[in-house]
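I have placed the structure first, in the form of structure tokens, so that the comments after it can refer back to it.
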Amino acid sequence: MEFKNLHNQEKPLLIGNVWDVPSTKTAEKLNFQAIGTSSSAIAQLLGYNDGEEMEFSEMEYFVKRIALNTNLPLSVDLESGYSRKPKEIADHIKRLVELGVVGINIEDSLVNEKRILLDSNSFAKTLAEIKEHLEKDNINIFLNVRTDTFIILQENIIEETKKRIQLYQNAGADGIFIPCIEKENDIKTIVNSTNLPINVMCMPNLPDFKTLTKLGVKRISMGNFLFNKMYNEFEQIVKILVNKESFNSIF
Numbered sequence: 019m020e021f022k023n024l025h026n027q028e029k030p031l032l033i034g035n036v037w038d039v040p041s042t043k044t045a046e047k048l049n050f051q052a053i054g055t056s057s058s059a060i061a062q063l064l065g066y067n068d069g070e071e072m073e074f075s076e077m078e079y080f081v082k083r084i085a086l087n088t089n090l091p092l093s094v095d096l097e098s099g100y101s102r103k104p105k106e107i108a109d110h111i112k113r114l115v116e117l118g119v120v121g122i123n124i125e126d127s128l129v130n131e132k133r134i135l136l137d138s139n140s141f142a143k144t145l146a147e148i149k150e151h152l153e154k155d156n157i158n159i160f161l162n163v164r165t166d167t168f169i170i171l172q173e174n175i176i177e178e179t180k181k182r183i184q185l186y187q188n189a190g191a192d193g194i195f196i197p198c199i200e201k202e203n204d205i206k207t208i209v210n211s212t213n214l215p216i217n218v219m220c221m222p223n224l225p226d227f228k229t230l231t232k233l234g235v236k237r238i239s240m241g242n243f244l245f246n247k248m249y250n251e252f253e254q255i256v257k258i259l260v261n262k263e264s265f266n267s268i269f
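Going by the working numbering, the first residue of the sequence shown is number 19, and it counts up by one from there.
Structure follows, in structure tokens:
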């Protein structure tokens, strides 16, 4: 599987995170090897908060438009699966595969009023059941399992993360995504605790790509940070033209 092989390169796979066709075209133009949707960015475009406020069908429509306009391997952020039932989550994944999607992210947390970690054993069981449904239909897709320990926990983060990685590996995960991990020692410890490729995400204090390569990281994501930066720049540009009462600043 080509996408899976991209996680075994000498340098980490840098995912071009996208949210629409123009951002996808930019990733292609800049020769990214693969792209992945940002659920947060797509949610914001539709006026939702991140955390499955939008319907699966709304997200699916964006994925369809992106997939039809690129030949790059496409991974989709499925959040927590847009269901709590393994069979329904597997059906969602099948629908994405029909659109040409080759990988998904699925996370072990839910957002109610705030984000909470799911029970690790229960989530591992859900993963195993999803995998079983997919294998029954001969569906081969890269399951990048996201654990939100570094977002939520304050204590015993390393031990809890290692425990969850082992459970998810046994349940059939192909990769592990750990957003908000930043410290070199933490990254090294986690990478050395598993044979699965480790995915980290853009953060203010994340080491540079060369250092991440030395630490053994295999995948790097951008999250929604580029999207947010783009709209911050948009606001500044509009503010200038309003204040100057002229469009000259655009050109």
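Ideal placement from N, C-alpha and C gives every residue a C-beta, glycine not left out.
Check this for me: beta carbons of E125 and E97, under 9 angstroms apart or not? Going by beta carbons, E125 and E97 fall inside the 9 angstroms limit.
Open item on the list: Buried or exposed for F195, going by 16 or more other Cβ atoms inside 10 Å?
Closed with: Here F195 is buried: its Cβ has 16 or more other Cβ atoms, across all protein chains shown, within 10 Å.
Three-state secondary structure (DSSP) of T55: T55: strand per DSSP, three-state reduction.
Does DSSP put M248 in a helix, a strand or coil?
Residue state, collapsed to three classes: helix.
- For the beta strand (DSSP E) that Q35 lies in, which residues bound it at each end? The amino acid at residue 35 is misidentified as Gln; the sequence shows Asn. Counting along the chain, N35 sits inside the beta strand (DSSP E) bounded by residues L31 to V36.
- Going along the chain, which residues of its own chain have a beta-carbon closer than 8 angstroms to the beta-carbon of D226, five neighbours each way excluded? Result list for D226: empty, nothing under 8 angstroms.
Rounded to whole angstroms, what is the Cα-Cα separation between L86 and N261?
Each residue's Cα considered, the two are about 41 angstroms apart.
Would you decide whether D155 is buried or exposed? Buried here means 16 or more other CB atoms lie within 10 Å of its CB.
Exposed: under 16 other Cβ atoms inside 10 Å.
Worksheet entry | L86: first and last residue of the uninterrupted alpha helix (DSSP H) it sits in | Note, L86: alpha helix (DSSP H), F74 to L86.
For a quick check, are the C-beta atoms of E78 and L114 less than 9 angstroms apart?
With a cutoff of 9 angstroms on beta-carbon distance, E78 and L114 are scored as near each other.
query = How close, in whole Å, do the beta carbons of V120 and F160 come, if the pair is a contact with beta carbons under 8 angstroms?
reply = Taking C-beta atoms under 8 angstroms as the contact rule, V120 and F160 qualify, at a distance of about 6 angstroms.
**Asked** Between N213 and Q184, what straight-line distance do the alpha-carbon atoms span, to the nearest angstrom?
**Response** Their backbone Cα atoms lie some 10 angstroms apart in a straight line.
Going by Cα to Cα distance, which pick from R237, L90, E131 and V39 is closest to R164? In terms of Cα proximity to R164, the closest of R237, L90, E131 and V39 is R237.
Check: By DSSP, does N203 sit in helix, in strand, or in coil?
Finding: Look at N203 here: in three-state DSSP terms it is helix.
**Prompt:** Count the other CB atoms within 10 Å of the CB of Q254; is the residue buried (16 or more) or exposed (fewer)?
**Reply:** An exposed status is given to Q254, since fewer than 16 other beta-carbon atoms sit within 10 Å of its beta-carbon.
Would you call the segment 227 to 236 in contact with the segment 199 to 207, where contact means no fewer than 3 C-beta pairs closer than 8 angstroms? Contact holds: three or more Cβ-Cβ distances are below 8 angstroms.
So, is G65 buried or exposed, given that buried needs 16 or more other C-beta atoms within 10 angstroms?
It is exposed - the Cβ of G65 has fewer than 16 other Cβ atoms within 10 Å.
Review point. Grouping DSSP H, G and I as helix and E and B as strand, with all else coil, what is S101?
Key: Looking at S101 - three-state DSSP - the assignment turns out to be coil, as it is neither helix nor strand.
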